[in-house]
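Peer 1:
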Amino acid sequence: MSNLSKRSTVYFEPAIHQALKMRAASSDVSVSELIDEAVRLLMREDQEDLAAISERVNEPEVTYEVFLNELKANGKI
Numbered sequence: 002m003s004n005l006s007k008r009s010t011v012y013f014e015p016a017i018h019q020a021l022k023m024r025a026a027s028s029d030v031s032v033s034e035l036i037d038e039a040v041r042l043l044m045r046e047d048q049e050d051l052a053a054i055s056e057r058v059n060e061p062e063v064t065y066e067v068f069l070n071e072l073k074a075n076g077k078i
């Protein structure tokens, strides 16, 4: 982890915390490193999702009702 790291308090359910500690021990990394990597992964996924949304901005919007009607008309429901 970087020397420029910031501290934070995070609360987990006991079973989740135990699983994190076990995973950290078996991976030879700290719980903090696991959490840091998980957050980075989540942010990368968010960035990919936002990029996909930007690419589709010009597509027509379809309401849920219209979508259901199309499914019914096509014999899907």
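Counting in the numbering used here, the sequence shown runs from 2 upward without gaps. The beta carbon of each residue, even a glycine, is placed where N, CA and C say it ideally should be.
Among Met23, Leu72, Ala20 and Ser33, which has the Cα closest to the Cα of Thr10?
Peer 2: By one-based count along the sequence shown, residue 10 stands at place 9. Checking every option, the nearest Cα to that of Thr10 belongs to Ser33.
Peer 1: So which of Ser31, Gly76 and Asn4 has the shortest CA-CA distance to His18?
Peer 2: The residue given as residue 18 occupies position 17 in the sequence shown. That would be Ser31, whose Cα lies nearest to the Cα of His18.
Peer 1: For Tyr12, tell me which candidate among Val58, Leu5, Leu42 and Ile36 has the shortest Cα-Cα distance.
Peer 2: Position 11 of the sequence shown, counted from the start, is the residue given in the question as residue 12. When only C-alpha atoms are compared, the closest one is Ile36.
Peer 1: Could you compute how far the alpha carbon of Leu21 sits from the alpha carbon of Ile78?
Peer 2: Position 20 of the sequence shown, counting from 1, holds the residue named residue 21. Position 77 of the sequence shown, counting from 1, holds the residue named residue 78. When rounded, the distance between both Cα atoms is 43 Å.
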